[in-house]
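**Student:**
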Amino acid sequence: MLEAVPNVSEGRDRASIEEIGRAFATGVSLLDVHSDGDHHRSVFTLAGGEEELEGALVRGAARAVELLDLRQHEGVHPRVGVVDIVPLVALDPADLGRASAAALAVADRLGSELGVPVFLYGAVGHGRRPAFFRSGGPEELERRVRSGELAPDAGPHHLDPRTGATLVGARGPLVAYNVELATADVAVAREVAAVVRESGGGMPGVQAIGLYLPRAGLAQVSVNVLDLERSPLHRVYARIVAEAGRRGVAVRGGELVGLVPASVLEAADGAGSRVPGVDETRVLERVLGP
Numbered sequence: 000m001l002e003a004v005p006n007v008s009e010g011r012d013r014a015s016i017e018e019i020g021r022a023f024a025t026g027v028s029l030l031d032v033h034s035d036g037d038h039h040r041s042v043f044t045l046a047g048g049e050e051e052l053e054g055a056l057v058r059g060a061a062r063a064v065e066l067l068d069l070r071q072h073e074g075v076h077p078r079v080g081v082v083d084i085v086p087l088v089a090l091d092p093a094d095l096g097r098a099s100a101a102a103l104a105v106a107d108r109l110g111s112e113l114g115v116p117v118f119l120y121g122a123v124g125h126g127r128r129p130a131f132f133r134s135g136g137p138e139e140l141e142r143r144v145r146s147g148e149l150a151p152d153a154g155p156h157h158l159d160p161r162t163g164a165t166l167v168g169a170r171g172p173l174v175a176y177n178v179e180l181a182t183a184d185v186a187v188a189r190e191v192a193a194v195v196r197e198s199g200g201g202m203p204g205v206q207a208i209g210l211y212l213p214r215a216g217l218a219q220v221s222v223n224v225l226d227l228e229r230s231p232l233h234r235v236y237a238r239i240v241a242e243a244g245r246r247g248v249a250v251r252g253g254e255l256v257g258l259v260p261a262s263v264l265e266a267a268d269g270a271g272s273r274v275p276g277v278d279e280t281r282v283l284e285r286v287l288g289p
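Numbering that gives the first Met the number 0 puts the first residue of the sequence shown at 0, with every later residue one more than the last.
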């Protein structure tokens with residue numbers, strides 16, 4: 000059993016999201032769908048065998064490419080394509096080779112069958128992270144391709160403005176989590192993100208950005224926690240609360256994107272901590288069942 004978490008650049012049109020979800024769900028288990036209107040993004044959590052996931056991911060991506068137009072997209076989350084990112088996730092470290100092989104197969108098919116330029120990241124992409132490709136958006140990525148700085152690993156060497164590119168990778172589990180601040184001042188969110196993330200000298204394995212949510216009229220700290228052992232989610236949340244408090248800002252709540260491994264909730268319970276939005280119903284192993 001592997002997990003896949005394709006992220007699609009559509010978070011508002013419920014009919015399109017449901018149709019894309021049905022395409023992703025063919026032959027595999029669709030465990031969760033998380034849509035956000037401000038991010039203008041939907042995250043689908045799938046589980047299945049390698050071959051089944053490969054087919055499901057291609058079918059779902061094909062439907063997204065048919066329905067969506069990146070030129071009409073306005074959202075606060077960084078992205079480079081209609082099907083922005085397709086991670087194949089090894090739930091057990093021993094399965095990273097299987098996840099990597101599946102990722103390469105998916106990348107090849109997205110490039111050859113859908114005509115979408117594909118860039119590899121993570122375990123199949125020399126350890127590069129999505130931010131390496133997303134900086135500056137699809138226009139900047141196209142410029143880097145034209146200049147010869149980058150070349151797609153599959154598909155055409157040109158980004159169609161309507162569909163953009165897709166990032167395909169293999170990795171272990173991570174947690175995506177958003178913390179909403181009780182302020183509209185995005186500068187506070189960016190300051191907090193800068194001191195919390197690893198690249199700013201903060202917590203190991205933590206990526207963080209500060210965003211302004213125009214629909215909510217509030218600022219948000221959006222994090223990915225890649226190292227759940229060294230930076231348990233409850234500690235990351237507590238650090239964000241503390242850093243916001245030092246700047247005179249309260250935290251309104253937290254939002255989990257997708258599901259978490261059982262170890263995340265167990266670690267929080269063991270520390271006597273609570274992470275808003277994380278409970279037994281959001282645990283991957285519970286949703287998968289026996």
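Note that the Cβ used here is the ideal one computed from N, Cα and C, for glycine as well.
So what's residue 164 in DSSP terms, helix, strand or just coil?
**Tutor:** Within the sequence shown, residue 164 is the residue found at index 165, counting from 1. Of the three classes helix, strand and coil, the one that applies to residue 164 here is coil, per DSSP.
**Student:** Out of 64, 132, 25, 36, which one is the CA nearest neighbour of residue 45?
**Tutor:** On the sequence shown, position 46 is the one that residue 45 refers to. Nearest option by C-alpha distance: 25.
**Student:** If you measure between the beta carbons of residue 183 and residue 216, is that distance less than 9 Å?
**Tutor:** Start at 1 with the first residue of the sequence shown, and residue 183 comes out as number 184. Start at 1 with the first residue of the sequence shown, and residue 216 comes out as number 217. Yes; because the gap between Cβ atoms is below 9 Å, this pair is in contact.
**Student:** Along the chain, where does the beta strand (DSSP E) containing residue 50 start, and where does it finish?
**Tutor:** One-based indexing of the sequence shown puts residue 50 at position 51. Segment 49 to 66 is the alpha helix (DSSP H) holding residue 50; no beta strand (DSSP E) there.
**Student:** Would you mind working out which of 57, 73, 212 sits nearest residue 87, comparing C-alpha positions?
**Tutor:** Against the sequence shown, residue 87 aligns to sequence position 88. It is 57.
**Student:** Alpha carbon to alpha carbon, how far is residue 282 from residue 5?
**Tutor:** Residue 282 sits at position 283 when you count from the first residue of the sequence shown. Residue 5 sits at position 6 when you count from the first residue of the sequence shown. Roughly 18 Å between the two C-alpha positions.
**Student:** State the DSSP-derived secondary structure class of residue 275, mapped to helix, strand or coil.
**Tutor:** Counted from its first residue, the sequence shown places residue 275 at position 276. Here residue 275 sits in coil by DSSP.
**Student:** Measure how close the beta-carbons of residue 3 and residue 79 come, nearest whole angstrom, since I'm counting them as under 8 Å.
**Tutor:** Taking the first residue of the sequence shown as position 1, residue 3 is located at position 4. Taking the first residue of the sequence shown as position 1, residue 79 is located at position 80. At roughly 18 Å, the Cβ-Cβ gap does not stay under 8 Å, so residue 3 and residue 79 are not in contact.
**Student:** Evaluate residue 245 with the Cβ neighbour count: other Cβ atoms within 10 Å of its Cβ, from every protein chain shown; 16 or more gives buried, anything less gives exposed.
**Tutor:** Numbered from 1 along the sequence shown, position 246 holds the residue referred to as residue 245. When all chains shown are included, residue 245 counts as exposed.
**Student:** For residue 169 versus residue 93, is the C-beta spacing smaller than 9 Å?
**Tutor:** Your numbering for residue 169 matches position 170 in the sequence shown. Your numbering for residue 93 matches position 94 in the sequence shown. For residue 169 and residue 93, no; Cβs fall outside 9 Å.
**Student:** In angstroms with no decimal places, state the Cα-to-Cα distance between residue 156 and residue 132.
**Tutor:** Here residue 156 corresponds to residue number 157 of the sequence shown, with the count starting at 1. Here residue 132 corresponds to residue number 133 of the sequence shown, with the count starting at 1. If you take the alpha carbons of residue 156 and residue 132, they lie about 14 Å apart.
**Student:** For residue 110, which residues from the same chain have a beta carbon less than 6 Å from its beta carbon, with the 5 sequence-adjacent residues on both sides left out?
**Tutor:** By 1-based counting over the sequence shown, the position of residue 110 is 111. 117, 153, 154, listed in sequence order.
**Student:** For the ligand SAH, I want to know if residue 17 counts as a neighbour, meaning its beta carbon is within less than 8 Å of at least one of the ligand's heavy atoms.
**Tutor:** In the structure on display, the ligand SAH does not appear, and there are no ligands present to speak of.
**Student:** Who are the Cβ neighbours of residue 192 in its own chain at under 6 Å, not counting the five residues just before and after it?
**Tutor:** As a first step, residue 192 is located in the sequence shown; it is residue number 193 there, counting from the start. The answer, listed in chain order, is 207, 208, 209, 220.
**Student:** Looking at residue 161 and residue 70, is the spacing between their C-beta atoms short of 9 Å?
**Tutor:** On the sequence shown, position 71 is the one that residue 70 refers to. On the sequence shown, position 162 is the one that residue 161 refers to. Going by C-beta atoms, residue 70 is nearer than 9 Å to residue 161.
**Student:** Using the beta-carbon count (16 or more within 10 Å), is residue 280 buried or exposed?
**Tutor:** As a first step, residue 280 is located in the sequence shown; it is residue number 281 there, counting from the start. The residue is exposed, with fewer than 16 neighbouring Cβ atoms inside 10 Å.
**Student:** Just to confirm the assignment, what range does the alpha helix (DSSP H) spanning residue 20 have?
**Tutor:** Here residue 20 refers to the residue found at position 21 when the sequence shown is read from its first residue. 13 to 23 is the span of the alpha helix (DSSP H), which, as asked, contains residue 20.
**Student:** How is residue 44 classed by DSSP in three states: helix, strand or coil?
**Tutor:** Residue mapping note: residue 44 aligns to position 45 of the sequence shown, counting from 1. Here residue 44 sits in strand by DSSP.
**Student:** How is residue 119 classed by DSSP in three states: helix, strand or coil?
**Tutor:** Here residue 119 is taken as the residue at index 120 of the sequence shown, counted from 1. Three-state result, residue 119: strand.
**Student:** Would you call the CB atoms of residue 213 and residue 83 closer than 9 Å?
**Tutor:** Within the sequence shown, the letter at position 214 stands for residue 213. Within the sequence shown, the letter at position 84 stands for residue 83. No. Outside cutoff.
**Student:** Bridge partners of residue 209, per DSSP?
**Tutor:** Counting from one through the sequence shown, the residue named residue 209 turns up at place 210. According to DSSP, residue 209 bridges with 220.
**Student:** Please determine if the segment 229 to 239 and the segment 260 to 279 are in contact, where contact requires at least 3 C-beta pairs separated by less than 8 Å.
**Tutor:** Because the criterion of three Cβ pairs below 8 Å is met, the segment 229 to 239 and the segment 260 to 279 touch.
**Student:** Does the Cβ of residue 268 have 16 or more other Cβ atoms within 10 Å, making it buried, or fewer, making it exposed?
**Tutor:** Counting from 1 along the sequence shown, the entry for residue 268 is found at position 269. Flag for residue 268 reads exposed.
**Student:** Out of 285, 17, 178, point me to the one whose CA is closest to residue 258's CA.
**Tutor:** Residue numbering aside, residue 258 sits at position 259 when the sequence shown is read from its first letter. When only C-alpha atoms are compared, the closest one is 285.
**Student:** Among 105, 196, 90, which has the Cα closest to the Cα of residue 260?
**Tutor:** Here residue 260 refers to the residue found at position 261 when the sequence shown is read from its first residue. Here the closest residue by C-alpha is 90.
**Student:** Please report the Cβ distance between residue 239 and residue 248, rounded to the nearest whole angstrom; I am assuming they are in contact, meaning their Cβ atoms lie under 8 Å.
**Tutor:** Locating residue 239 in the sequence shown gives position 240, counting from the first residue. Locating residue 248 in the sequence shown gives position 249, counting from the first residue. 10 Å between Cβ atoms; not a contact.
**Student:** Looking only at its chain, what residues have a beta carbon closer than 8 Å to the beta carbon of residue 139, apart from the 5 residues adjacent to it on each side?
**Tutor:** Along the sequence shown, one-based indexing puts residue 139 at 140. Nothing meets the Cβ criterion.
**Student:** When the Cα atoms are used, what is the spatial distance from residue 51 to residue 96?
**Tutor:** Here residue 51 refers to the residue found at position 52 when the sequence shown is read from its first residue. Here residue 96 refers to the residue found at position 97 when the sequence shown is read from its first residue. Whole-angstrom Cα-Cα distance: 17 Å.
**Student:** State the start and end residues of the unbroken alpha helix (DSSP H) segment that holds residue 8.
**Tutor:** In the sequence shown, the residue the question calls residue 8 occupies position 9. From DSSP, residue 8 is part of no alpha helix (DSSP H); its letter is neither H nor E.
**Student:** Leaving out five residues before and five after residue 53 in sequence, what residues of the same chain have Cβ atoms less than 8 Å from its Cβ?
**Tutor:** Here residue 53 refers to the residue found at position 54 of the sequence shown. So the list reads 101, 104, 105, 108, once near-sequence residues are dropped.
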